[in-house]
Every structure is written in structure tokens, then in C-alpha cells.
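Residue numbers (our numbering): 54 to 175. Here's the structure, in C-alpha cells; my notes come after.
So, in C-alpha cells, the structure goes:
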């Protein structure tokens, strides 16, 4: 069964990533290179994880793969969101929050590996 929440999350992450990437390419020409880099990195990671979320949503799996989807959903929001906020003027200390999102993204991939090992055992 398709996981509707993860599917919505995939769509929202994909939309935001493409919009932010386009804005960085066309609307931030005068911005500091560091700020452009933050938006580029945020959009890249968010888009990759939107695709991963889409795949997991369509698989509609339970267990570790569902948890992987949630880790991608929340992790991409925190990781990319804090980079976007800093690019648009939020205090630099937001950068201390960014790794929390990164850890969740890593955890999501680890959960995908765990699910693969469980499939191999059955």
C-alpha cells in the first residue's frame, strides 16, 4: 500500500528543492558565494532525498524502510531548512542545527541497509 504521508513529503521536498535551486541560479546572482553554496547544497540534498522518499512511499513498506522514510522526511527538512534560513539571513548558529538533519539522513540510509539484510534473511 502506498504511504500517503511519505508521498506528500516527497512531493513537497521535491517542489521546494527545485524552487530553491532555481532561485539560487536566477535570483541570488548578487548574493555572497557562501550563501549561494548553502542554497545549492540544501537543494541538492533535499532533491536526492525527495526521490528516495518517493521510492519508499511507493513501496509502502513497514518496519525499517518506513522508518528510513521518516528519517529522510525530517532529516532533509532540518538539513536543508537550516541552510536555506542561513542563506536568507538567519543567525550563523543555525549551522549548529544542520548536522542533526545530516545524522537523520545517514540514519535513514542505515535503516535501508538494515531492511536489505532482513530481506536477505527471509
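Beta carbons are placed, not taken as given, at the ideal position from N, Cα and C, and that holds for glycine. These numbers come from a predicted model, not from an experiment.
Item, Value
"8 Å Cβ cutoff met for residue 143 and residue 66", "no"
"Simplified DSSP state of residue 72, which is helix, strand or coil", "helix"
"Assigned exposure category for residue 152 - 16 Cβ within 10 Å defines buried", "exposed"
"Candidates 162, 145, 88, 75, of which the one nearest residue 106 by Cα", "162"
"Buried or exposed (CB count within 10 angstroms, at least 16 for buried), residue 116", "exposed"
"Cβ pair count under 8 Å reaching 3, the region 123–142 against the region 91–99", "yes"
"Sub-8 Å separation of residue 122 and residue 109 beta-carbons", "yes"
"Pick from 60, 172, 71, 167 that is closest to residue 111, judged by C-alpha positions", "60"
"Cβ-Cβ distance between residue 101 and residue 73 below 8 Å", "no"
"Contact under 8 Å by Cβ, residue 77 with residue 103", "no"
"Coarse secondary structure for residue 139, derived from DSSP in three states", "helix"
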